[in-house]
Structure formats: C-alpha cells, structure tokens
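J.: In the working numbering, the protein residues as written are 1444 to 1752.
From the three backbone atoms N, C-alpha and C, an ideal C-beta is built for every residue, glycine too.
Structure below; questions to follow.
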Amino acid sequence: MKKLTYEQKALYYGVGINFYSTFVGFIFFAMTKSASLLLDGLISAVLCFSTVISVFVSKYLNKGDSKKYPLGTYAVENMFLLFRALLMLATIIWTIVDGINVIVSFANGSLVSDLNISMEYLLIYMALMVSSCLAITFTYSYFNKKMIKQEGQGSEIVKLEIKASIYDGLVTVVACSSLLIFNYISFFSPIKDIGDAITSIILSVIYLYTPIKELIRQIKVLTDKRRDVDVEKGLYKELNKEFNNFKYYDIYFSYSGDITSIYITLMPKKDMDSDLINANFSDISNYLYDKYPSSKVFLLLSDKMLHML
C-alpha cells in the first residue's frame, strides 16, 4: 500500500471520528446550553471539515511535479494548514467575545440564562470525547508509522492531526473539570452563573496556542525563511568529513509539506575536471538522498551564499 493510500485511509477514519465528536458536542450543548461544550463541539467541527478538505489536498499533493510546478505542489498543503489555523482562530475569538459579553452583562445586573449542567452529563461527555480523541490518535499514529516504514517519512497533515487530537482531548478534560469546580464547589457559588462563561474564556485561551503556533510556522514555511539552522550546521560537519575535497559556502535546508529541499553552494579545493566534479556531485547527492528520502538536492558550483547568487 502506497503512502498516498495510507494517508487517505487515515483521513477517512479521521472524518468519521471527528464527525462523531462534533455530533456529541452539539448534542450535549443542546442538553446543557453550555458555551464551553459548544466551543469543544465547534473545534471538532472545524477538525472534521478540515479533514474532509485534507483528503482532496492529499490527492492533489501526490500528483507529482510538472512543468507548471517544477518543485511540486507542496505549498498547497501549507496554504491549507494556514487556512485551518485561521478558521480555528476565528472560532476561538468569537467564543472569547461571547464569554466577555456574558460576564459584562452579569456585572451590570442582567440575568444569565440558566444552564442544565449536571455532574452526570459532564462525566459522560468527558468520557465520550476523550475516547474519541484517543481513537483518532491511535488511528493516525498507526497509519503514520505505516507511511514511515514505506516511504521513510510520515505525512505532515497526519502528524498535525495527531497533535490536534491529543490537545483536543486534554482541553476537554480541562473544560469539564472547570465546569464541575464552578458548579459543585461552594466557594465559587457567587459566580456560579458565569462559571460557564469563565470556563469558555479559559478554554479559548488554552486553544489559542495551537492556531497561533501553526500560523507562525506556516508563514515561515510559505515565506521560505531560514529556520533549520541546527540541521544545516550538522550537514556542514558531515559533508566536510565525508567529502572534504570541497569547500562549502552555504547550505540551506528547507522542509515544506512532504518535500525536503537541500541547496548547497560549493567549490572544489583543488582543480577538478568536469567529469570528476559530476562524479563527486553524484556521490554527495546519493549520500543526502539516503539521509533524507524523497528529498530534492541542488548542488551549485559557486563560492557565494545562496542569497548572493
């Protein structure tokens, strides 16, 4: 089974499980009227929608290079991940604004809508959602290992989905625990009516970490900013040791989507004819291909840094 098949099979399972999580979130919101549970359901809905899109993105990415896209279509994946992060960010900000409005109304003496939050509902909800997150995590991890075994590397989309599902499960536990504290500990009884609003804001702030981090990462990828300096330093040492008949002026390592691109400017330390240079270039390329499967290696005969070419 090829990597594409493994990736898509993982995503198909993910769509089903995320749809289930979305359904559970909305059902329990209808039963409790809790904004915190609504947010949890909305995040699951975003993940479900984005996973559906991931299936189409996955097919598009694996079409291979073409004259129109000589370096491949990896940027489509990064644009999709950027869009998903923006969608999650918009959902979270809306929840924060809604929670603040409830708290302000309560401070001004307005009545807050009654909630139907019971310990039984919260415990059942937490068990269902956490088990769903664990199911997604194990499913994605299983297929990602298959891809690594088959191709030498996993899928960027699947790895992100694994992190998102783990994080979603942990945040669900925090949300339910917070609601239980506000509703069943007498110390918080004066603000019990806005406990759900406070919880939804706390939950939103915790959730903010994921889309903001992903936005920063994808902007760096799409702008092709130098970001793997440690890897480049390691390659300098390795190449100087293995192929010390060249002087290396610049090494740029770029990982975008499923494509690893390695650009190197180098010059021979002694005079070499073109045949010998080509033979050495072939050896260096094969060495890097073995180290980074599915990579693209560009060896440039120059004594300048890449940005000076």
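(1) With which residues is F1689 paired in a DSSP beta bridge?
(2) Distance check for I1694 and K1446, CA to CA, integer angstroms please.
(3) For S1728, which residues from the same chain have a beta carbon less than 6 Å from its beta carbon, with the 5 sequence-adjacent residues on both sides left out?
(4) Work out the CA separation of T1534 and S1647 for me, nearest whole Å.
(5) If I1605 sits next to E1520, beta carbons under 8 Å apart, how far is it from one beta carbon to the other, in whole angstroms?
(6) Beta-carbon separation of E1681 and A1528 under 8 Å?
(7) In whole angstroms, what separates the C-alpha of L1603 from that of T1475?
(8) Just verifying my parser: in three-state terms, what is the DSSP assignment at L1532?
(9) Compute the beta-carbon to beta-carbon distance between I1579 and I1460, rounded to the nearest angstrom, for a pair I have assumed lies under 8 Å.
(10) Can you give the Cα-Cα distance for A1453 and M1710, rounded to whole angstroms?
(11) To the nearest angstrom, how far is the alpha carbon of L1524 from that of L1665?
(12) Taking F1783 as part of the beta strand (DSSP E), name the residues at either end of that continuous run.
(13) Indicate the three-state DSSP secondary structure (helix, strand or coil) for S1598 in the structure shown.
(14) Whose CA, out of C1491, E1450 and Y1455, lies closest to the CA of G1468?
(15) Classify Y1585 as buried or exposed, calling it buried when 16 or more other Cβ atoms lie within 10 Å of its own Cβ.
(16) Using the Cα positions of V1448 and F1462, report the straight-line distance between them to the nearest angstrom.
(17) Who are the Cβ neighbours of L1566 in its own chain at under 8 Å, not counting the five residues just before and after it?
(18) Note down, one range per segment and in chain order, each alpha helix (DSSP H) of at least 4 residues found wholly within the segment 1584-1648.
(19) Going by C-alpha distance, which of M1531, A1550 and N1723 is nearest N1688?
(20) Run through DSSP, which three-state label would Y1679 get?
(21) Are F1686 and D1716 close, meaning C-beta to C-beta below 8 Å?
(22) I'd like to check one pair, L1749 with Y1706: are the Cβ atoms closer than 8 Å?
(23) Find the nearest neighbour of G1612 within the set S1632, F1581, A1478 and I1628, judged by alpha-carbon distance.
(24) Could you spell out the range, first to last residue, of the alpha helix (DSSP H) harbouring N1721?
T.: So, from the listed chains and residues:
(1) P1711
(2) Confidence in K1446 is poor, its pLDDT being 49 and thus under 50, which makes the residue's placement unreliable; the coordinate value appears in the next sentence. Computed Cα separation, rounded: 29 Å.
(3) V1740
(4) 9 Å
(5) That pair is no contact at about 16 Å.
(6) no
(7) 31 Å
(8) helix
(9) 5 Å
(10) 45 Å
(11) 11 Å
(12) The first residue shown for the chain is 1444 and the last is 1752, placing residue 1783 beyond what the model contains.
(13) coil
(14) C1491
(15) exposed
(16) The residue asked about is misnamed: residue 1448 is Thr in this sequence, not Val. When rounded, the distance between both Cα atoms is 21 Å.
(17) C1619
(18) 1599-1627
(19) N1723
(20) helix
(21) no
(22) yes
(23) F1581
(24) S1717 to K1734
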